[in-house]
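Asker: Could you have a look at this structure, given as structure tokens, before my questions?
Number of protein chains: 2
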Amino acid sequence: MKKVTILDIAKELNVTFSTVARALNDHPAISAATKKAVRETAERMNYRQNKIASSLRSGRTNVIGVVVPSLRVTFFSSVVAGIEQVMNANGYNILLYQSNETLDQEKKGIETFLQSRVDGIIASISTETTDYGAFHEIIKRKTPLIFFDRTIEQLDMPSVTIDDYKGGFIATEHLIRQGYRRILHISADREISIFKERLRGYIDALEYYNIPVDEELIIKGNFSLEFGKSVIREARLSGLKFDAVFALEDYTAMGVLQQLLEFKVKIPDEIGVIGFANEAFGSLVTPQLSTIDQQTLAMGKEVAKLFLKLKKDEMTGEKKLEKIVLDPLLIIRASSERHK
Amino acid sequence: MKKVTILDIAKELNVTFSTVARALNDHPAISAATKKAVRETAERMNYRQNKIASSLRSGRTNVIGVVVPSLRVTFFSSVVAGIEQVMNANGYNILLYQSNETLDQEKKGIETFLQSRVDGIIASISTETTDYGAFHEIIKRKTPLIFFDRTIEQLDMPSVTIDDYKGGFIATEHLIRQGYRRILHISADREISIFKERLRGYIDALEYYNIPVDEELIIKGNFSLEFGKSVIREARLSGLKFDAVFALEDYTAMGVLQQLLEFKVKIPDEIGVIGFANEAFGSLVTPQLSTIDQQTLAMGKEVAKLFLKLKKDEMTGEKKLEKIVLDPLLIIRASSERHK
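Chains A and B, in that order, are what the protein sequence lines are. The numbering of the first sequence is numbering that gives the first Met the number 0, which starts it at 0 and goes up by one. The numbering of the second sequence is numbering that gives the first Met the number 0, which starts it at 0 and goes up by one.
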């Protein structure tokens, strides 16, 4: 029996080859009615799509690979949800890979995606990534690459980030407006640009409101819930005076909150606390944790739209490097709201 | 210039073809020293590996696809972490796909994995999955398939689950031992076997301790934080008397906790609360939430080990269907601990 081809289906339905091919690939430009007719005819004629052959021919797989440090962190899983919403609606499937914050795993993930001939790679780098070899390979192979949140500036690729400087500024400004004056800031001991920007925002907010910057109140370490607790314990031992804490991210802020509660400190009356990242648990704890929202869903959607635009520009031959920067949002909750 | 092959490298190093091939594929049986020598020689001789050709030849990609409802739920992301730990150590890379609880996305994920020629698929099905076509396709293609937690019993595939009946039993038994007698159980209104098993455990525990089962105390609905809150509000309106709540999962339990706190109910003195699943937020809230731990990391590791065993049995021609059932663990925290 002769094998049924796309052309046979096209003849049968009196439409073009390309209409059938796109209908079978669930292309958004083809109407639901046409897709239905093509699928029914294909089934009736016993057509079997050879996806691998078809992707080798077209060079397209309609699969996008996303590499992130960890999907256990709400921030990343929420950005991914935004990417999926837009990409799935446009006929793409999203494969995910966790680097678990190691360079080695990140490299393997990228290699696996390139091997699977994905149509593009979206990445947020691990804290260990100082060797950019795997990313150079993506570029060499002309596979579209977009970064979000944690980018590699030197590679000058399209990206979607939030304004971390502004995030640090508005978090600190909020505490000042609530009447706090001795604001302790917990930052990272590593050279990660997003955390340095948050620190810069903190310092500028203090200066803007004529509050002296006290180096003693800037504490750097390896951010985590445990580290947040230890900062409060050590501050108590050393007699450090402060009336508010702005932590670089929510897990650290949560440690601060827990240790203050253990010490029977009244939150927010005696000490106010604000975190960063709007992790899911922040609205579930008592008192609820104030934080900075990074518009994760919007970020994911912007990343996806940027990818679709890149693909379109590729076809029209246009070349424009876009770097989108989103605004952070202040989420005021009970942990820092002294005056309603 | 003649292209350098694996054989050239083997000759250069005076080792076998297979040693070089396995070293290049990062096979665990090859020593780190040999791998280093092979890689250095390959680099010196300008060898370029054709991964796609090599995977087409061997039929192996060393990639495993994992399909889960959502990685935003700690339970799934934690099982995945266990799978990754074991599989990565054995030279496999894990690609992830979220069905977002829809049958349509689940199908697309499986199709994408089959298209990428993964060496196996690990799945936990969506709540919508009643059509098993995509799973039949996996089986037809002889791609190894393992289920965890949410399985399709009819397909009779290897699986790793926990004993949900026992989980329901020990949660209820714990409340009884703490002196609670009127235990409200929140269950699901859909036919999902894991939830029916938890309910069965609840009923049997009451009967075991000679406490009458009151149908009024079994409330079914669409589980969520909001549903947990509404159950408590309606119980107050209807004057329903109860002194403890066992919720089918932690988000619902969290809603119960929040609503009780809003009503100024003393927890655990007046009413005790226990959830199920050990979501990450449970240890961060006040009072901390008692729950049932599903040994997620162990579950992931067991899934991975089962996969490796399947692969080995495949080679030796052995055939044994394994279904592993893990024990749930009781996590007692402040929300239900009346007597220390």
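We put the CB at the ideal spot given by N, CA and C, even for glycine.
1) Extract the residue ranges of the beta strand (DSSP E) inside the stretch 114-186 of chain B, only unbroken runs of 3 or more that lie entirely within it.
2) Spell out a yes or no on whether the stretch 196-208 of chain B and the stretch 148-157 of chain B are touching, meaning 3 or more CB-CB pairs, one atom from each, closer than 8 Å.
3) So, for A/Arg149: in the same chain, excluding its five sequence neighbours on each side, which residues have a beta-carbon less than 6 Å away from its beta-carbon?
4) Can you list the residues of chain B that A/Tyr96 reaches, using a CB-CB cut of under 9 Å?
5) Could you check whether A/Met298 and A/Gly81 sit closer than 8 Å to each other, using their CB atoms as the reference points?
6) Taking all protein chains shown into account, do 16 or more other C-beta atoms lie within 10 angstroms of the C-beta of B/Pro68, making it buried, or fewer, making it exposed?
7) Counting only the same chain and skipping the five closest in sequence on each side, list residues whose C-beta sits under 8 Å from that of B/Lys304.
8) Let me check one thing: in DSSP terms, what residues is B/Gly299 bridge-paired to?
9) At least one CB of chain B closer than 8 Å to the CB of A/Ala303: is that the case?
10) Let me see if you follow: with CB-CB separation under 8 Å, is A/Glu83 close to chain B or not?
11) For B/His338, tell me which candidate among B/Thr290, B/Leu236, B/Val264, B/Ile175 has the shortest Cα-Cα distance.
12) So, with DSSP's three-state summary, where would you put A/Phe112?
13) Leaving aside the five residues before and after A/Asp188 along the sequence, list all residues of the same chain whose C-beta is less than 8 Å from its C-beta, in chain order.
14) What residue from A/Asp103, A/Ile5, A/Lys322 has the CA that sits closest to A/Arg340's CA?
15) Who does B/Ala333 pair with in a DSSP beta bridge?
16) Assuming B/Ile231 is part of the alpha helix (DSSP H), what are its boundary residues?
17) How about A/Ser229 and A/Gly271: are their beta carbons less than 8 Å apart?
18) Is there contact here, the stretch 103-110 of chain B with the stretch 283-291 of chain B, by at least three beta-carbon pairs under 8 Å?
19) Listing by chain order, which chain B residues have their CB less than 9 Å from the CB of A/Val284?
20) Name the residue from A/Phe75, A/Ser115, A/Leu113 whose alpha carbon lies nearest to the alpha carbon of A/Glu100.
21) To the nearest whole angstrom, what separates the beta carbons of A/Arg197 and A/Gly166, a pair I think is in contact under 8 Å?
22) Checking the sheet assignment: what are the DSSP bridge partners for B/Ser289?
23) Identify the residues that DSSP records as bridge partners of A/Gln294: which are they?
24) Excluding the five sequence neighbours on either side, which residues of its own chain have a C-beta within less than 8 Å of the C-beta of B/Val79, listed in chain order?
25) Please report the residue range of the beta strand (DSSP E) in which A/Phe16 lies.
26) Which residue's Cα is closest to the Cα of A/Pro27: A/Arg59, A/Ala88, A/Tyr46, A/Phe16?
27) Let me know the secondary structure DSSP gives A/Gly281 once reduced to three states.
28) According to a CB-to-CB cut-off of less than 8 Å, which residues of the stretch 146-165 of chain A neighbour chain B?
29) Have a look at the DSSP bridge pairing and note the partners of A/Gln97.
30) Counting C-beta neighbours from all protein chains within 10 Å, is the total for A/Thr160 16 or more, i.e. buried, or is it exposed?
31) Check the Cβ-Cβ distances between A/Arg71 and every residue of chain B, and say whether any is below 8 Å.
32) For my contact list, A/Thr126 and A/Ile191 are in at a C-beta cut-off of 8 Å; report their separation, rounded to the angstrom.
33) So with Cβ pairs under 8 Å, would you call B/Asn45 a contact of chain A?
34) Taking C-beta to C-beta, are A/Ile121 and A/Phe241 nearer than 8 Å?
35) Where does B/Val244 fall in DSSP's three states?
36) Below 6 Å CB to CB, which residues in the same chain sit around A/Asn24 once its five sequence neighbours on both sides are set aside?
Answerer: Taking the structure as given:
1) 119-122, 144-147, 158-161
2) No, the stretch 196-208 of chain B is not in contact with the stretch 148-157 of chain B.
3) The residue given as residue 149 of chain A occupies position 150 in the first sequence. So the qualifying residues of the chain are Ser123, Ile124.
4) Residue numbering aside, residue 96 of chain A sits at position 97 when the first sequence is read from its first letter. Going along chain B in sequence order, the residues near A/Tyr96 (Cβ under 9 Å) are Asn92, Ile93, Leu94, Leu95.
5) Translated into the one-based positions of the first sequence, residue 81 of chain A becomes position 82. Translated into the one-based positions of the first sequence, residue 298 of chain A becomes position 299. Taking 8 Å as the Cβ cut-off, A/Gly81 and A/Met298 qualify as a contacting pair.
6) In the second sequence, counting from the first residue as 1, residue 68 of chain B sits at position 69. Buried.
7) Your numbering for residue 304 of chain B matches position 305 in the second sequence. Non-local beta-carbon contacts of B/Lys304 in its own chain, meaning distances under 8 Å to residues more than five positions away in sequence, involve Val85 in chain order.
8) Reading the second sequence from its first residue, position 300 is the one you call residue 299 of chain B. None, per the DSSP bridge assignment.
9) Counting from 1 along the first sequence, the entry for residue 303 of chain A is found at position 304. It does not: the Cβ of A/Ala303 has no partner Cβ on chain B nearer than 8 Å.
10) Numbered from its first residue, the first sequence carries residue 83 of chain A at position 84. At least one chain B Cβ lies under 8 Å of A/Glu83.
11) Looking up residue 338 of chain B in the second sequence gives position 339. When only C-alpha atoms are compared, the closest one is B/Ile175.
12) Translated into the one-based positions of the first sequence, residue 112 of chain A becomes position 113. A/Phe112 falls in the helix class under three-state DSSP.
13) In the first sequence, residue 188 of chain A corresponds to position 189, counting from 1. Here the set comprises Lys219, Gly220, Asn221.
14) Given a span of 0 to 339 for chain A in the structure shown, any question on residue 340 of chain A remains unanswerable.
15) For the purposes of this step, residue 333 of chain B is identified with residue 334 of the second sequence, where counting begins at 1. The partner list for B/Ala333 (beta bridge, DSSP) is empty, contrary to what the question assumes.
16) The count along the second sequence starts at 1 and reaches residue 231 of chain B at position 232. Where B/Ile231 is concerned, the enclosing alpha helix (DSSP H) stretches over 224-237.
17) Position 230 of the first sequence, counted from the start, is the residue given in the question as residue 229 of chain A. Position 272 of the first sequence, counted from the start, is the residue given in the question as residue 271 of chain A. No, Cβ-Cβ distance for A/Ser229 and A/Gly271 is not below 8 Å.
18) With a cut-off of 8 Å, the stretch 283-291 of chain B and the stretch 103-110 of chain B do not count as touching, because too few Cβ pairs lie within range.
19) On the first sequence, residue 284 of chain A is found 285 positions in, with the first residue counted as 1. Residues of chain B with a Cβ closer than 9 Å to the Cβ of A/Val284 are, in chain order, Phe280, Leu283, Val284, Thr285.
20) Start at 1 with the first residue of the first sequence, and residue 100 of chain A comes out as number 101. The option with the nearest alpha carbon to A/Glu100 is A/Phe75.
21) Taking the first residue of the first sequence as position 1, residue 197 of chain A is located at position 198. Taking the first residue of the first sequence as position 1, residue 166 of chain A is located at position 167. Confirmed, about 6 Å.
22) Here residue 289 of chain B refers to the residue found at position 290 when the second sequence is read from its first residue. Paired residue(s): B/Ile273.
23) Indexing the first sequence from 1 puts residue 294 of chain A at position 295. Beta-bridge pairing links A/Gln294 to no other residue.
24) Walking along the second sequence from the start, residue 79 of chain B turns up at place 80. Taken in chain order, the residues that qualify are Val65, Val67, Leu70, Ile93, Leu95, Gly299.
25) Taking the first residue of the first sequence as position 1, residue 16 of chain A is located at position 17. Unbroken run through A/Phe16 is the alpha helix (DSSP H), 16-23; no beta strand (DSSP E).
26) Within the first sequence, numbered from 1, the residue matching residue 27 of chain A stands at position 28. That would be A/Ala88, whose Cα lies nearest to the Cα of A/Pro27.
27) Numbered from its first residue, the first sequence carries residue 281 of chain A at position 282. A/Gly281 falls in the helix class under three-state DSSP.
28) none
29) If you number the first sequence from 1, residue 97 of chain A lands on position 98. According to DSSP, A/Gln97 bridges with A/Val67.
30) For the purposes of this step, residue 160 of chain A is taken as residue 161 along the first sequence, with counting starting at 1. By the 10 Å Cβ count, A/Thr160 comes out buried.
31) Mapped onto the first sequence, residue 71 of chain A falls at position 72. Closer than 8 Å to some Cβ of chain B, the Cβ of A/Arg71 qualifies, so yes.
32) Counting from one through the first sequence, the residue named residue 126 of chain A turns up at place 127. Counting from one through the first sequence, the residue named residue 191 of chain A turns up at place 192. That belief holds up - the Cβ atoms of A/Thr126 and A/Ile191 are roughly 7 Å apart, short of 8 Å.
33) Here residue 45 of chain B refers to the residue found at position 46 of the second sequence. So no, B/Asn45 is outside the interface.
34) Along the first sequence, read from residue 1 onward, the residue named residue 121 of chain A stands at position 122. Along the first sequence, read from residue 1 onward, the residue named residue 241 of chain A stands at position 242. No, these two residues do not count as a Cβ contact at 8 Å.
35) In the second sequence, residue 244 of chain B corresponds to position 245, counting from 1. In the structure shown, B/Val244 sits in a strand (DSSP, three-state: E or B).
36) As a working note, residue 24 of chain A is residue 25 in the first sequence. Excluding positions up to five away in sequence, the list is empty.
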